[in-house]
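Engineer: Using the numbering used here, the first residue of the sequence shown is number 84, and each one after it goes up by one. For each residue, glycine too, the CB sits at the ideal point set by N, CA and C.
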Amino acid sequence: MENDSLSAGNRSPWIKKRHGIIRLIFGPVVAMFTRLLYGIRAERFKEQGSRPYLILYNHQTPFDQFYVMMSFRGPVYYVASEDIFSIGWAASLLRWAVAPIPIKKQAADVNAVRLMMKVAKEGGTIALAPEGNRTYSGKTEYMIPTIARLAKKMKLPIALYRIEGGYGVQPRWSDGIRKGPFRSFVSEVIEPEQYLKMTDEALMDAIREGLYVNEAETDGRYRSKKKAEYLERAVYVCPFCGFSVFKSSGDRIECTGCHRKILYGEDKRLRGDGSEFPFAYVNDWYEYQKNYVNAFDPLDHTEEPLFTDSADLYEVIPYKRKRIICENTNIRLYGDRVEIREGDPAKDSPDRIFPFKKVSGATVLGRNKLNLYYDSEIFQIKGGRRFNALKYVNFCYRYKNRVSEEENGEFLGL
Numbered sequence: 084m085e086n087d088s089l090s091a092g093n094r095s096p097w098i099k100k101r102h103g104i105i106r107l108i109f110g111p112v113v114a115m116f117t118r119l120l121y122g123i124r125a126e127r128f129k130e131q132g133s134r135p136y137l138i139l140y141n142h143q144t145p146f147d148q149f150y151v152m153m154s155f156r157g158p159v160y161y162v163a164s165e166d167i168f169s170i171g172w173a174a175s176l177l178r179w180a181v182a183p184i185p186i187k188k189q190a191a192d193v194n195a196v197r198l199m200m201k202v203a204k205e206g207g208t209i210a211l212a213p214e215g216n217r218t219y220s221g222k223t224e225y226m227i228p229t230i231a232r233l234a235k236k237m238k239l240p241i242a243l244y245r246i247e248g249g250y251g252v253q254p255r256w257s258d259g260i261r262k263g264p265f266r267s268f269v270s271e272v273i274e275p276e277q278y279l280k281m282t283d284e285a286l287m288d289a290i291r292e293g294l295y296v297n298e299a300e301t302d303g304r305y306r307s308k309k310k311a312e313y314l315e316r317a318v319y320v321c322p323f324c325g326f327s328v329f330k331s332s333g334d335r336i337e338c339t340g341c342h343r344k345i346l347y348g349e350d351k352r353l354r355g356d357g358s359e360f361p362f363a364y365v366n367d368w369y370e371y372q373k374n375y376v377n378a379f380d381p382l383d384h385t386e387e388p389l390f391t392d393s394a395d396l397y398e399v400i401p402y403k404r405k406r407i408i409c410e411n412t413n414i415r416l417y418g419d420r421v422e423i424r425e426g427d428p429a430k431d432s433p434d435r436i437f438p439f440k441k442v443s444g445a446t447v448l449g450r451n452k453l454n455l456y457y458d459s460e461i462f463q464i465k466g467g468r469r470f471n472a473l474k475y476v477n478f479c480y481r482y483k484n485r486v487s488e489e490e491n492g493e494f495l496g497l
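If you want it as structure tokens, here you go:
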């Protein structure tokens with residue numbers, strides 16, 4: 084059962100006086116820490132005035148909400164993944180201090196919409212990322228098309244907040260932070276009297292255009308001694324030998340199948356180490372990988388696993404905690420399902436099976452946690468630091484596209 088304090092049916096106001104006090108006291112400290120850590124130049128939104136806004140921002144780093152805070156005055160109510168609400172006492176403290184609005188990724192969440200409407204009616208400023216996921220490629224990715232309808236319901240002025248350089252500073256697949264050009268700012272404000280005259284499609288086009296960033300180019304130098312580390316969280320298709328496993332170290336990543344090595348430079352360019360490499364940037368590789376998966380028939384690969392991993396399996400009890408089910412278990416990915424073998428991975432039959440036809444949604448949380456939404460339950464698979472959760476999401480949606488009437492659908496879940 085959902086926590087009462089997170090229910091839209093709760094009659095107590097969402098906005099509390101303490102939220103403004105906490106923002107006033109701790110905001111400058113967080114801003115100073117963020118500038119020192121990331122070197123970002125977050126431009127103040129001088130035209131804010133006293134009006135509440137719906138802030139829409141492109142999603143590049145784990146700290147995007149802090150950049151928004153640095154540009155806007157007063158408390159901002161962020162729409163956040165349910166994962167942060169399932170971490171025990173820390174989640175309770177977070178709810179008390181800043182009251183983020185919880186939403187279930189990759190699932191229709193009517194309660195989240197109701198909470199946003201509630202905050203808007205109380206005069207609060209709301210911030211959310213229409214992508215719902217941080218970019219793996221450096222480009223602003225797929226945006227949830229229902230954002231336009233939601234914005235029209237709230238009738239708040241829309242502030243399009245663009246973050247540029249975040250992918251260069253900290254790609255989603257990386258743990259490290261690089262030093263390089265980085266800024267964020269309000270690129271455009273769309274007033275209610277403007278967008279209420281627009282079709283939903285036209286408004287979505289305006290949102291996409293205002294937030295679009297393509298960092299698959301050389302736009303500065305991003306310095307680090309570990310530029311390529313954990314790129315294997317984002318790539319699992321080798322242009323030379325197909326589905327593969329990669330291993331990175333320093334500024335290099337190597338395919339364990341054909342043993343070709345690729346360098347990741349300060350300019351974000353990819354270069355072959357000792358041989359030619361066909362892609363200039365991670366985005367080029369990422370697009371090739373998506374096309375490769377979309378040309379793949381998952382129904383031809385249901386007997387032998389495509390990939391195997393070792394990971395921990397949790398049950399997520401929404402808005403409360405996570406319950407460990409098994410540790411260091413064997414995870415097998417097939418074209419139509421995920422299998423879990425606890426204990427001995429050589430056992431004949433799996434302990435758990437998650438057939439994709441019964442999985443309502445799959446998503447990556449953070450850098451490499453996998454959530455499967457299955458039979459009204461949420462299961463989380465958390466592997467080691469090199470675990471690639473992206474492939475599970477991609478294969479799940481490739482299967483769904485293959486067996487549905489949208490056989491040629493290309494959306495792979497992110």
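Can you look up P111 in the DSSP assignment and give me helix, strand or coil?
Structural biologist: P111: helix per DSSP, three-state reduction.
Engineer: Under 7 Å Cβ to Cβ from G340, same chain only, skipping five residues before and after it: list those, please.
Structural biologist: C321, C324, S327
Engineer: In terms of residue numbering, what span does the beta strand (DSSP E) encompassing Q463 cover?
Structural biologist: 460-466
Engineer: Kindly indicate the opening and closing residues of the alpha helix (DSSP H) around F478.
Structural biologist: DSSP places F478 inside the alpha helix (DSSP H), whose first and last residues are 473-486.
Engineer: For G325, which beta-bridge partners are listed by DSSP?
Structural biologist: Answer by DSSP bridge pairing, in chain order: C321.
Engineer: Based on Cα-Cα distance, which residue from L495, R420, R424 lies nearest to T412?
Structural biologist: Cα-wise, what sits closest to T412 is R424.
Engineer: Between which two residues does the alpha helix (DSSP H) carrying S175 extend?
Structural biologist: Element bounds for S175: 172-181.
Engineer: Going by Cα to Cα distance, which pick from G249, R481, E214, Y278 is closest to R266?
Structural biologist: When C-alpha distances from R266 are compared across G249, R481, E214, Y278, the shortest belongs to G249.
Engineer: How far does the alpha helix (DSSP H) with V230 in it reach, from first residue to last?
Structural biologist: First, the amino acid is wrong: residue 230 is Ile here, not Val. 230-237 is the span of the alpha helix (DSSP H), which, as asked, contains I230.
Engineer: Do you know offhand how far M226's Cα is from V447's?
Structural biologist: 16 Å
Engineer: Could you check the C-alpha separation between E247 and R217 for me, to the nearest Å?
Structural biologist: 13 Å
Engineer: Mind checking A212: buried by the 16 CB within 10 Å criterion, or exposed?
Structural biologist: Per the 10 Å Cβ criterion, buried.
Engineer: Verify whether the separation of the beta carbon atoms of F149 and T117 is less than 8 Å.
Structural biologist: yes
Engineer: Determine the direct distance from the alpha carbon of D431 to that of Q253, and round the result to whole angstroms.
Structural biologist: 42 Å
Engineer: Around the C-beta of F128, are 16 or more other C-beta atoms found within 10 angstroms, so that it is buried, or is it exposed?
Structural biologist: buried
Engineer: What number of angstroms, rounded off, separates the C-alpha of V181 from the C-alpha of D334?
Structural biologist: 38 Å
Engineer: From R306 to S332, what distance separates their C-alpha atoms?
Structural biologist: 15 Å
Engineer: Kindly indicate which residue of T391, D427, C409, R435 has the alpha-carbon position closest to the one of R415.
Structural biologist: T391
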